[in-house]
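Protein chains in written order, with the UniProt record's numbering: chain A, 1 to 90; chain B, 1 to 90; chain C, 1 to 90; chain D, 1 to 90.
Number of protein chains: 4
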Amino acid sequence: MLHDDQDAREDHAVGGIAADRLRSIIERVERLEEERKALSGDIKDIFSEAKSAGFDVKVIRQIIRIRKQEPAEVEELETLLQIYKRALGM
Amino acid sequence: MLHDDQDAREDHAVGGIAADRLRSIIERVERLEEERKALSGDIKDIFSEAKSAGFDVKVIRQIIRIRKQEPAEVEELETLLQIYKRALGM
Amino acid sequence: MLHDDQDAREDHAVGGIAADRLRSIIERVERLEEERKALSGDIKDIFSEAKSAGFDVKVIRQIIRIRKQEPAEVEELETLLQIYKRALGM
Amino acid sequence: MLHDDQDAREDHAVGGIAADRLRSIIERVERLEEERKALSGDIKDIFSEAKSAGFDVKVIRQIIRIRKQEPAEVEELETLLQIYKRALGM
DNA sequence: CGTGCTACAGCATAGC
DNA sequence: GCTATGCTGTAGCACG
């Protein structure tokens, strides 16, 4: 029967190759997310250690943030330079 | 001299052990954040692959979310949702 | 000189009409963004009120989301979710 | 009966007062979200106008972003000053 | 039309 | 327990 054949093909697509593919995708993502979570845990541990050593965690976070932003700021300045050049028709 | 010793100790605290400790903390965190960012990139790549293979990424995300939750929790939210819907005549 | 004329015209463009136009654009956008931010604050306040009244904010958000979507769309995503779940034997 | 009374009160809570409260919350949020969306539309219109006038929208966005960040940067510098004072035991 | 990017909102967590 | 903050996910927008 056509209808059954369609179902069979669809089921196959779902239960066979594509399902394997889907499962693979999901499991790989879940694995990577676990690793990512583990790294977050490691980071958290370091901050705990820092706190125990008497550092101000909030301030350390800010330093890290600033260190990250600096390259961006360089780029921003560069862009602003371009803006002004453009405004001057250079 | 005591004063010099104090200065030495203070300088030491800033330029030596504590400063080194601080630097170590910051660099380790930065390193871990980089790794974490790399993992996020990997995850993104898998979703791109999934999309190319014809899967609906949003739905896959939803499945991963569900798999992460406790079944009881899912049930509870669902129940509450039904209650609210009823209250609104939906 | 042609070059001076160009400079003159360009300077005018920067210091005169175009610059004013640019300033106007920026200030109008900033004003609208402020208003938008204020509305976000109002929304947040309502959710705080809801929480205080014993409602589950997350569920309320979900209801609002559902009400925004086309019923057909909801159905479609749900169907796809079921297909994927079946494929995974969930 | 106490049990019935409880049920009555609970039912009332769902179908009566609380339901009204819930509906009110939802409708107010939806209204505010609409207004917010309208503002986003207005902003978009201004950018369209800017583009038509020959401005580079991306650059304008960046200028707005920078104008927003500047106060934050002042605060960051202040915080850094505190950090260094702290590092020096002042 | 699709794809990548930016920016915004929601969620979770950690600190007070 | 609530508030504040940072991270993640989603959605809208610009570009090819």
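Backbone N, C-alpha and C fix where the C-beta goes; we use that ideal spot for every residue, glycine too.
Predicted model, so just to flag it, every value in this text is computed and none were measured.
Item                                                                                                                            : Value
Just the Cα atoms here: how many angstroms apart are A19/A and A87/C?                                                           : 5 Å
Any beta carbon from chain C within less than 9 Å of V59/B's own beta carbon?                                                   : yes
Could you check the C-alpha separation between V29/B and M90/D for me, to the nearest Å?                                        : 27 Å
Verify whether the separation of the beta carbon atoms of I46/D and L32/C is less than 9 Å.                                     : yes
Would I28/B count as contacting chain A if we go by Cβ distances under 9 Å?                                                     : First, the amino acid is wrong: residue 28/B is Arg here, not Ile. So yes, R28/B belongs to the interface.
Return no unless some Cβ of chain C is closer than 9 Å to the Cβ of D4/A.                                                       : Low per-residue confidence applies at D4/A: pLDDT is 43, beneath 50, and the placement is therefore not dependable, though the value from the model is reported in the following sentence. Not an interface residue.
Return the CA-CA distance between T79/D and F55/A, expressed in angstroms with no decimal places.                               : 15 Å
On a CA-only basis, which of V74/A, L77/A, E76/A, E70/A is nearest E76/D? Give me that one, please.                             : E70/A
Quick check: the Cα distance between R65/D and E73/A, rounded to an integer number of angstroms?                                : 12 Å
Going by the CB atoms, is the gap between A50/B and I63/B shorter than 9 Å?                                                     : no
Going by the CB atoms, is the gap between L22/A and E35/B shorter than 9 Å?                                                     : no
List in chain order: all unbroken beta strand (DSSP E) runs of 3+ residues lying wholly within the stretch 43 to 88 of chain C. : none
Please compile the residues from chain C whose C-beta is within a distance smaller than 7 Å of the C-beta of L22/A.             : Y84, A87, L88
Please classify Y84/D: is it buried, with 16 or more other beta-carbons within 10 angstroms of its beta-carbon, or exposed?     : exposed
Compare the C-beta of E78/A against all C-beta atoms of chain D and say whether one is closer than 9 Å.                         : no
Taking CB distances under 9 Å as the criterion, tell me whether I66/A reaches chain D.                                          : yes
Using the Cα positions of K58/C and G41/C, report the straight-line distance between them to the nearest angstrom.              : 17 Å
Are there 16 or more other CB atoms within 10 angstroms of the CB of I43/A, so buried, or fewer, so exposed?                    : buried
Under a CB-based cut-off of 9 Å, is Q62/C close to chain B?                                                                     : yes
Between S40/A and chain B, is any beta-carbon pair separated by less than 9 Å?                                                  : yes
Taking only the alpha-carbon atoms, compute the straight-line gap between E27/A and Q82/D and give it to the nearest angstrom.  : 47 Å
Below 7 Å on C-beta distance, what does D56/B contact in chain C?                                                               : L80
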